[in-house]
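One structure is given below, encoded as structure tokens.
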Amino acid sequence: MSKEITSRSEDYSQWYNDLVLKGGLADYSAVRGCMVIKPYGFALWENIRDVLDRRFKETGHVNAYFPLFIPKSFLSKEAAHVEGFAKECAVVTHYRLKNDPDGGGIIVDPDAKLEEELIVRPTSETIIWNTYKTWIQSWRDLPILVNQWANVVRWEMRTRLFLRTAEFLWQEGHTAHGTSQEAIQEAETMLEVYAQFAEEWLALPVIRGIKSPNERFAGAIDTYCIEALMQDGKALQAGTSHFLGQNFAKAFDVKFTNKEGRDEYVWATSWGVSTRLIGALIMAHSDDQGLIMPPKLAPFQVVIIPFISKKQEETDALKNTANEIFSALKAKGIRVKVDDDETKRPGFKFAEYELKGYPLRVVIGPRDLANGVVEVARRDTKVKNLLPLDGIENTLENLLEEIQNDMYQKALTFRDNHITEANNWEEFTQLLDEKGGFISAHWDGTPETEDKIKELSKATIRCIPLDNPLEDGKCILTGEPSNQRVLFARAY
RNA sequence: CGGGGUGUAGCGCAGUCCGGUUAGCGUACCUGGUUUGGGACCAGGGGGUCGCAGGUUCGAAUCCUGCCACCCCGACCA
1 MSKEITSRSE DYSQWYNDLV LKGGLADYSA VRGCMVIKPY GFALWENIRD
51 VLDRRFKETG HVNAYFPLFI PKSFLSKEAA HVEGFAKECA VVTHYRLKND
101 PDGGGIIVDP DAKLEEELIV RPTSETIIWN TYKTWIQSWR DLPILVNQWA
151 NVVRWEMRTR LFLRTAEFLW QEGHTAHGTS QEAIQEAETM LEVYAQFAEE
201 WLALPVIRGI KSPNERFAGA IDTYCIEALM QDGKALQAGT SHFLGQNFAK
251 AFDVKFTNKE GRDEYVWATS WGVSTRLIGA LIMAHSDDQG LIMPPKLAPF
301 QVVIIPFISK KQEETDALKN TANEIFSALK AKGIRVKVDD DETKRPGFKF
351 AEYELKGYPL RVVIGPRDLA NGVVEVARRD TKVKNLLPLD GIENTLENLL
401 EEIQNDMYQK ALTFRDNHIT EANNWEEFTQ LLDEKGGFIS AHWDGTPETE
451 DKIKELSKAT IRCIPLDNPL EDGKCILTGE PSNQRVLFAR AY
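The opening residue of the first sequence carries number 1 in the numbering used here; numbering runs sequentially from there.
Below you can see the structure in the form of structure tokens.
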């Protein structure tokens with residue numbers, strides 16, 4: 001099988017698929033639109049999950065689990081919500097199969113029809129708010145700060161490994177509060193948790209912002225988001241946090257008695273990130289040789305490859321040194337593996353670990369050992385250096401940190417070089433076609449104009465940045481007055 | 001659902017237009033040997049209902065009809 005990765009300049013779509021498949025992260029599955037996450041890809045997801053879960057707990061949240069199935073009637077209780085999700089729901093209608101009386105296979109038993117159909121959750125707001133109703137009576141019951149790690153199903157027409165699969169893994173936080181301010185604060189706090197995670201761990205700079213009404217979550221008052229930029233100039237929504245107001249509380253009749261003894265509807269938030277983060281990481285950092293993992297999340301941060309020599313005692317010495325480095329790194333909590341497989345040649349191993357994106361490769365040969373050095377190769381820059389064996393664990397530890405920072409800086413420079421102002425329609429469309437990235441432009445604030453711009457250019461408003469400066473201008477499409485620029489982009 | 005494309009060995013493909021030995025190539029796999037500082041080499045070997053179902057023909061991967069699956073581009077979306 002060819003291990004060559006399609007060049008980015010040829011076809012980004014193929015390049016991306018190659019990275020996922022040949023990098024060993026995931027496979028297509030027998031079920032259309034669903035993927036198999038392979039052990040290497042899942043190890044990455046586990047690392048992401050662990051860090052986020054820790055942060056959620058540090059910010060006062062606890063984990064729980066709600067059912068996969070949602071009665072159909074629940075979904076329709078919140079008007080905007082059902083509107084947003086109805087078109088992509090998988091529905092369970094029967095609970096039994098039987099042998100086909102007309103021969104051959106097995107059929108759905110028509111006698112086993114469910115009285116009420118069940119929806120496979122596309123998100124859990126409805127089932128959770130139905131539950132919260134029974135949990136909340138008094139102001140003393142608030143806030144409720146619950147998160148769940150789960151899978152959800154959205155029957156998308158077109159799918160893409162990690163970026164948009166019919167089933168995906170995610171976490172969804174669902175909180176209930178006594179006041180509007182407290183809920184807004186929660187939504188903003190969680191957005192910041194996501195943003196910091198993206199920047200510090202994924203090495204992915206993001207823009208914190210708020211969605212325009214068109215892009216808002218179905219059922220939310222405000223949707224906060226982090227938007228990242230991929231190497232092909234398209235934007236990717238990497239996480240969202242919603243202020244739901246009292247919409248779900250009203251739909252599910254969730255009231256609490258406040259300190260003054262009056263009944264009030266509860267204020268809500270929800271927030272989530274998904275396995276899409278892995279797609280973001282791939283598209284933002286990889287190159288034509290394969291994946292590039294940020295050290296902080298890489299399933300393995302260092303691979304040590306001792307050469308295999310004709311002389312057994314030489315091989316033994318090389319392996320011993322490899323194991324010594326392994327132990328020293330392990331002691332520092334660094335994720336490391338030794339590849340002393342004698343059946344594969346070094347060149348093959350080098351290419352393989354580059355494909356998988358291991359941040360650092362340490363190679364030990366007889367020549368090196370005699371000189372008291374090892375060869376250390378960085379995946380991100382592909383620079384190789386001979387470094388002293390003495391104290392190598394410290395050198396490597398520092399290098400990992402350097403790689404993490406360099407990857408972030410590189411992505412940041414790219415992102416910042418791809419935020420461009422456009423002051424009229426010609427500039428706008430030209431930038432979209434020729435440069436890509438985020439385009440900062442005035443918009444008259446109406447959903448109609450946003451729709452029109454999308455129709456004409458395929459670009460959407462990614463967000464209104466949180467720290468956006470006010471500035472008088474004219475809408476690039478209609479010429480109507482505007483008091484701030486917003487960020488447009490073509491997006492995944 | 002519209003437009004385009006592809007189904008032949010685990011993977012990647014040629015062969016199909018113009019029907020004709022035993023269906024081929026690369027890679028992967030197995031055995032033996034030599035190798036090992038950037039995807040090794042030599043020799044031998046195993047593996048196929050040519051997507052499915054019909055039809056035409058002395059003869060079908062190839063022609064005809066119908067069906068199915070998947071990929072890419074759009075609409076939808078985290």
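Cβ coordinates follow ideal geometry from the N, Cα and C atoms, glycine included.
Start-to-end residues for the beta strand (DSSP E) that takes in residue i
i: G272; result: W267 to S274
i: I564; result: The displayed coordinates of the chain run from 1 to 492. Any statement about residue 564 would go beyond what the structure contains.
i: M157; result: Taken as a continuous stretch (DSSP letters only), M157 belongs to no beta strand (DSSP E), as it is neither H nor E.
i: S241; result: A235 to G245
i: W139; result: Neither: W139 is in no beta strand (DSSP E) and is coded neither H nor E.
i: P71; result: F69 to P71
i: A489; result: P481 to A489
i: L97; result: L97 to N99
i: P388; result: K384 to P388
i: R462; result: T460 to P465
Beta-carbon proximity list for residue i, same chain, < 7 Å, skipping 5 on both sides
i: E199; result: P205, V206 and Y408
i: A80; result: A218 and G219
i: S327; result: none
i: C34; result: T165, A166 and E167
i: V373; result: L386, L387, P388 and L389
i: Y95; result: A112 and L114
i: N323; result: V338
Chain-order list of residues whose beta-carbon lies under 8 Å from that of residue i (same chain, five-residue window excluded)
i: D406; result: D380 and T381
i: V266; result: Y132, I136, L142, A176, H177, G178, Q246, A249, V254, K255 and F256
Run of the alpha helix (DSSP H) containing residue i, from where it starts to where it stops
i: G84; result: A79 to F85
i: Y16; result: Y12 to K22
i: D472; result: D472 -> not in any alpha helix (DSSP H); beta strand (DSSP E) instead, spanning L470 to K474.
i: N405; result: I392 to D416
i: I325; result: Q312 to A331
i: Q181; result: S180 to E200
i: E450; result: P447 to S457
Residue i burial status per 10 Å Cβ neighbour count (16 or more: buried)
i: G60; result: exposed
i: D316; result: exposed
i: G105; result: exposed
i: K319; result: buried
i: N147; result: buried
i: N247; result: buried
i: I107; result: exposed
i: R361; result: buried
i: E471; result: exposed
i: L477; result: buried
i: W135; result: exposed
i: R415; result: buried
i: F438; result: buried
i: T343; result: exposed
i: G41; result: buried
Neighbourhood of residue i by C-beta, 6 Å cutoff - its chain only, sequence neighbours within 5 removed
i: P39; result: none
i: Y12; result: D232
i: F350; result: none
i: V82; result: L75 and S76
i: N214; result: P447 and E450
Among the options, nearest to residue i - alpha-carbon criterion
i: G357; options: L297, G173, G233 and A331; result: L297
i: T131; options: V108, A491, L487 and Y65; result: Y65
i: T123; options: K452, E172 and T93; result: E172
i: R335; options: T321, F300, L369 and E354; result: F300
i: D141; options: E125, E188 and T175; result: T175
i: K311; options: D288, P366, L396 and A280; result: P366
i: Q237; options: E401, A30, A370 and L163; result: L163
i: Q484; options: E427, P465 and R345; result: P465
i: I419; options: R490, E480 and P447; result: R490
i: I304; options: R262, V376, E116 and D287; result: V376
i: E156; options: N63, F85 and I184; result: F85
i: P71; options: R32, K344, E125 and L118; result: L118
i: V153; options: F197, I278, V91 and S7; result: V91
i: D109; options: L191, F243 and T93; result: T93
Counterpart residues of residue i in DSSP-defined beta bridges
i: D263; result: T257
i: M35; result: Y28
i: R379; result: Answer by DSSP bridge pairing: none, since R379 is not bridged.
i: R208; result: I226
i: Q430; result: Beta-bridge pairing links Q430 to no other residue.
i: N63; result: N147
i: H177; result: W267
i: K113; result: H94
i: G290; result: D287
beta-carbon residue i near the ligand SAM non-hydrogen atom, thresh 7 Å
i: A235; result: Inclusion of the ligand SAM in the displayed structure is not the case, the ligand content being empty and no account of it being possible.
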